[in-house]
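These protein sequence lines map, in sequence, to chains A and B.
Just so we're aligned, residue 674 is where the first sequence starts under my numbering, counting upward by one.
Just so we're aligned, residue 18 is where the second sequence starts under my numbering, counting upward by one.
Backbone N, C-alpha and C fix where the C-beta goes; we use that ideal spot for every residue, glycine too.
All figures in this text were calculated on a predicted structure; none of them were measured in a lab.
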Amino acid sequence: MRATTTIAVLLAATTSAAQDSLQLKDGRFVIDHRMSRDEKGVTIHYTNGDVFIPHDRIRSSTALDKAGKAGPMSAEDRAKADKGLVLHEGRWIKKELRDQELEKLRAKRKQAIEEAKTRRLWKNRHIKKTQNFQFEFTLDPELMQSYIDLMETYYKVFTKEWRITKPAGQKRLPVCFYHNEDYFHQVGGVPEGVLGYFRFVQPIDLNFFYDRLDPELTQDVMFHEANHYLTYLIDPKFHYPSWVNESLAEYYGASEWDPKSKRMVVGGIQEGRLAVIQDAVGANQVGKGTSNSTDKGKWLGLEEMIRIPRFQAIHYAWGWSFVHFLLSNKQYAGKFKRFYIDLARSPRVKKVLARGGYNMRTVEPDEQIRVLKQYLGVKDLKALQQEWYRYILSLKAASARGYHRAGQFALSRNMPIKAQRLFQISIDMGSKNPTTWAYLAKAQLQKRKYEEATKSVDKAIEMDPLNGMFYILKGRCISAGHKPDDKAKRLRQLALEVDPDNDQVILEVAWDHLGEDDDK
Amino acid sequence: MTQNHTRFPHSGAWRCSVIAAALTLSFGMLPGQGTLERGIYTDAKLGFQIKVPQRWTQVPIQVDEKWIVAQFQSNREYEGHVKLDGGFVSHRPVMRVIQFDKEVIKKMVTVERSEDKKSSVRTLRLPYRDYKDYVKRNLSQGGFHFAVEKKDKLAGVPVTIYEVKVEKLAYGGRKHFLAYVFHGTEGVDFAVEFEFLMHHYKKLDSTGLRSIQSFKFLPRENANTSLAGKQTPATFGKILRLDWKKKTAAERLKIRQEIEQARIKKAIAGLPEGWTVIKTKNITVLTHASPKYTARLCKAAETCWNWCDKRFSKLNDEYVSRGLIRVCKNYDEYKAYRTGSSDAYSIDDKEIAIYEDKGEGNTGDWGHLPYAIFSHYMSDKDELLSANTPYWLTSALSDYCASARVKGRQIEFRINEYEPEAFRELRRKDAKLMTPKEIMSVTADAMSKARNSKLAPDHQIVTFLRFLEGPGRQHKLLRGRDFLLDYLRASVRATEQYKDAHPAKARKEAETEEEEEARARKDDKSGEKARTAICEAVNKAVCNWSDGDWEGLNKAYQDFLRKLKYL
């Protein structure tokens, strides 16, 4: 038997004549929808439901309120109101005049929003030059300024600490910053999974994106990728072995930044990476005891790591922990820095031509090992390796973000019980990420805790009301394992209205429809 | 409407073992199959006409393509900017006509379900919404952005004009696309797209514009000719293995032949002027290459096929469908042909696409052709072979085929030029070589570690295979049997038994974190675990030998290595 179900996905027509637009501080827009505004925020009236956005998330809106003076009027005010006047910005004026002024204001804001929207296109990007960089970005300038300050500070701090001078002839580095991940992949030319990159052959540039749901990740990637540029300045013709280059970048990736004091602090813990390693060896420190793995095969050997021809994501975790160990250890920190610089600069280190046809030099693994042992003053890598392993076991992820990442990891491995615990810890520690609540809801849903899941996803929606996936999740939560009722179906349609260009939302809605057809 | 594909190969280029047939084909037009006359391309069925730039040649579109309805390529090659395009780059501009049918697109998501004897296949598709969506989801030549997007009218027809720039990490040079999307009144849009190297855009865009300006809608001969949203019926993909195995050999042969004929017919129907169809004994060759090269290729392909047949036909009674090889004139044409829509795919696709490489084949090295023919042959013999044969043999056979040298009717499997040096290096390091038992139990993980440690495991295992196919056959353990075939058959049996013993089913839910943890660890290794278990079962079935036997085999293998001066 063959059955074909065709789903006509309706993007509900907004029939209202009065259309407003909204620009959020996180860079998103809502264009041409009916909206109303009050003292708390703006409500967007979609066909399938209302979505409230509080003022503190809004950068600009064309929706205007016409609130008059609340409460009982004085005789004088009543007299003015009786004459047909209205109160506007503290003065009584004719209604027509007020409407004209409101219309002008609306038009001005609309223009500002449209201008901001056009800047989301790469051809219209902002360009700003600073002492060491040329920033090219599609983000709002207000949001960008903090990152500009961070980069210039980072440049000064790192070049001073590592005693690096920019080689003659090096111009400002173009730093390309995209307003979201999809656009980064599209214009940056890299596939999903890549969070940022530094192009080290001409024309060199740096590329990454703003993750509105995880600004900490944005910062992390910025510190990491910029580190590749900063170490490139040691010798632009030297190609650092991946293991040490990526590991040092990861180390700096965990730096902290205070935008107010404009200070950065290095040496933080890469919690996600730590969770990966500790989980791999069965020694997950997060939350609940430890268990040391007897599976020795899971530990990555130091020599093995140095010899890896293609250093990949799982290796980053190991590499970061090794560099963190060295730079946190007084005995090794200075020596490791000298090793790093001299790998490129010392004539006593044997170099070979690097692969790839870029006319760059590098160092073979055997020589790297010889030089590392020499500079660190160790005779045997195995002894150093044991110190490193002990260090890994001693580290603990301690922040909301660390527990969030650990929870994500657990959920991805079909461990919803553990995931719930970890997400709850993250929330208790003050996670500001709405996806923490959403993932918690997913984990609860998997264990059929429908009421709790609904409360969790409601919290996620409160924190990020324009995330289409949250409404789909809520629809599943309130369906409580049964066929979706009208309310759940409306939530699906609302998801499509809120996020009409999100293919993932469309597919998720389709899967839900598919599930219903099972009974036909 | 007829199309002739008639060209006889040069006489004397053929031996009598190869049957060459030139076909004159007369067939009804498929959707998207127009005619090119005096530089004007007309597709009466789809309803459009356009002038093709001078000295541009039509390029065939892929058999399973659903969006691109015509494409052409310039005969002239352009070079990129040495610095900005990352080295030496050459490119021939391409023109494509892409159809967007609103009736299909409106549906957004189509679910197709077929149920047959308690099985069901559900397919979820997301058709391209419009040209912009098509570019966003399809363009994979580097980072790109829309430099121009505006609405206009051309000769009274509403159009949307796009310019797309491919700049960051551009593959094959920075590109500049110019596209006009013509919006029809019947709900069908056509995008006429030109692809140029950015370095030459300023002087070439007028070429594209002249063509674009000639575009006309025509009354469509038939409605519902859109290919979009329709999958080429993938009949084999919907037949469950269990049902397949219940059929008789004759029934299976009939089904395979039907699929084979339908695919070949469709591939031939889509050939533009200038292409030739040649049928050899086992392979249909669609060629735009020179007759001399084609003749050499046909001979080499048949030789590879004959080797597969001779070596593996007795594996089972499955019919192997005819090979289908498409030979493009040059690398640029091959690239243009292969650059289709990302959903141009069918499980029944067995086509091998290559291009005329004047250097290829002279020394007997035909690149990936031997392995491609081998893969086709084995996948028809049994679908389980490629993914489930023990890792060492899959890897060894791949390298073995890559080492094939075909001269005339002879095929030799030569030692890779890097192999002797790899073994010398192992000797210098005093590294311990893998024994036959170790080779035949090796996992993908172990191979990876061995590669990282520069122990040349790939060279070791292909050398072992050469031993098994050579003097190893005379060893007492292997004499009188075809060990390789036995091993492959055992792989299939072991896979089936493993799948039967581990059916996919819902598990009881874990109730504690500890239970979850234990399951996650088990699941992490499940893929490798399955393959390792299958390998163990195969080795037990085919080479359940004593330690003494293994020692003896190892000794014979070592003698072989000594003769090669690897020890």
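Exposed unless 16 or more other CB atoms sit within 10 angstroms - verdict on residue i
i: T480 of chain B; result: buried
i: K100 of chain B; result: exposed
i: I1065 of chain A; result: buried
i: A748 of chain A; result: exposed
i: H706 of chain A; result: buried
i: E299 of chain B; result: In the sequence on display, residue 299 of chain B carries Asn and not Glu. N299 of chain B is buried by the Cβ-count criterion.
i: L332 of chain B; result: buried
i: T967 of chain A; result: Residue placement at T967 of chain A cannot be trusted, given a pLDDT of 39 that sits under 50; the coordinates are not used to answer.
i: H728 of chain A; result: exposed
i: H901 of chain A; result: buried
i: G291 of chain B; result: exposed
i: A387 of chain B; result: The displayed chain sequence assigns Pro, not Ala, to residue 387 of chain B. When all chains shown are included, P387 of chain B counts as buried.
i: M674 of chain A; result: Reliability fails at M674 of chain A, whose pLDDT of 37 lies under 50, so the model's placement of it is uncertain and no value is given.
i: N880 of chain A; result: buried
i: N405 of chain B; result: buried
i: H852 of chain A; result: buried
i: F16 of chain B; result: There is simply no residue 16 of chain B to check, as chain B begins at 18 and stops at 584 in what is shown.
Secondary structure of residue i, DSSP reduced to three states
i: M1102 of chain A; result: coil
i: G425 of chain B; result: coil
i: V703 of chain A; result: strand
i: L1214 of chain A; result: Residue numbering for chain A in the displayed model covers 674 to 1193; residue 1214 of chain A lies beyond these limits and cannot be assessed.
i: N469 of chain B; result: helix
i: L1180 of chain A; result: helix
i: E377 of chain B; result: coil
i: D1131 of chain A; result: helix
i: G49 of chain B; result: With a pLDDT of only 49 at G49 of chain B, under the threshold of 50, the placement of this residue in the model should not be trusted; the figure read from the coordinates follows. In the structure shown, G49 of chain B sits in coil (DSSP, three-state: anything other than H, G, I, E or B).
i: E762 of chain A; result: coil
i: V559 of chain B; result: helix
i: A187 of chain B; result: coil
i: Y372 of chain B; result: strand
i: F391 of chain B; result: helix
i: A1111 of chain A; result: helix
i: A413 of chain B; result: helix
i: D334 of chain B; result: coil
i: K1091 of chain A; result: helix
i: G291 of chain B; result: coil
i: G340 of chain B; result: strand
i: D399 of chain B; result: coil
i: P888 of chain A; result: helix
Cβ-Cβ separation, residue j to residue i (assumed contact under 8 Å), whole Å
i: N721 of chain A; j: Q1058 of chain A; result: The Cβ separation is near 59 Å, so there is no contact.
i: I1145 of chain A; j: V1182 of chain A; result: 7 Å
i: V1022 of chain A; j: L1016 of chain A; result: 6 Å
i: G926 of chain A; j: Q943 of chain A; result: 6 Å
i: L812 of chain A; j: N1106 of chain A; result: Their Cβ separation, rounded to whole angstroms, is 19 Å, which puts L812 of chain A and N1106 of chain A out of contact at 8 Å.
Name, going along the chain, the residues of the stretch 870 to 883 of chain A whose beta-carbon falls closer than 9 Å to a beta-carbon of chain B.
-> Per Cβ criterion, the list reads Y870, R872, V874, Q875, P876, D878, N880.
Contacting positions in the stretch 972 to 984 of chain A - beta carbon closer than 8 Å to chain B | The residues in question are E977, R980, I981, P982.
Which residues, in order along the stretch 513 to 540 of chain B, keep a beta-carbon less than 9 Å from a beta-carbon of chain A?
-> Result list: E526, A527, E528, T529, E530, E532, E533, E534, R536, A537, R538, D540.
What residues from the stretch 792 to 815 of chain A come within 8 Å of chain B, judged by C-beta to C-beta, listed N to C?
-> Taken in chain order, the members of the stretch 792 to 815 of chain A whose beta-carbon sits within less than 8 Å of a beta-carbon on chain B are L794, W795, K796.
Anything in the stretch 473 to 496 of chain B with a Cβ closer than 8 Å to a Cβ of chain A? List those residues in chain order, please.
-> Considering only beta carbons, no part of the stretch 473 to 496 of chain B lies closer than 8 Å to chain A.
Of all the residues that make up the stretch 850 to 867 of chain A, which are near chain B by a beta-carbon distance shorter than 7 Å?
-> Cβ contacts with chain B come from Q859, V860, G861, G862, V863.
Return the residues of the stretch 835 to 847 of chain A that lie within a Cβ-Cβ distance of less than 7 Å from chain B, sorted by chain order.
-> Flagged: no residues at all.
Residues of the stretch 158 to 180 of chain B with a CB closer than 9 Å to any CB of chain A: list them in chain order, please.
-> Residues Q158, G159, G160, F161, H162, F163, A164, V165, E166.
Under 8 Å (Cβ pairs) to chain A, residues found in the stretch 444 to 473 of chain B | Answer in chain order: K466, R468, N469, S470, K471.
Just by C-beta distance, which residues in the stretch 1172 to 1183 of chain A are closer than 7 Å to chain B?
-> Going along the stretch 1172 to 1183 of chain A in chain order, one finds D1176, I1179, L1180, A1183 with a Cβ nearer than 7 Å to chain B.
Could you list the residues in the stretch 1087 to 1106 of chain A with a C-beta less than 8 Å from some C-beta on chain B, going in chain order?
-> N1087, M1088, P1089, I1090, K1091, R1094: these are the residues of the stretch 1087 to 1106 of chain A whose beta carbon lies less than 8 Å from some beta carbon of chain B, given in chain order.
Can you list, in chain order, the residues of the stretch 179 to 194 of chain B whose Cβ is nearer than 9 Å to any Cβ on chain A?
-> Hits within the stretch, in order: K182, V183, E184, K185, L186, A187, Y188.
Just by C-beta distance, which residues in the stretch 335 to 356 of chain B are closer than 7 Å to chain A?
-> Those would be none; no residue qualifies.
Curious, which full-length beta strand (DSSP E) runs of at least 3 residues does the stretch 808 to 859 of chain A contain?
-> Scanning the stretch 808 to 859 of chain A for uninterrupted beta strand (DSSP E) segments of 3 residues or longer gives 846 to 851, listed from N- to C-terminal end.
May I ask you to list, following chain order, the residues of the stretch 93 to 104 of chain B that have a beta carbon less than 9 Å from some beta carbon of chain A?
-> The stretch 93 to 104 of chain B vs chain A, Cβ under 9 Å: K100, L101, G103, G104.
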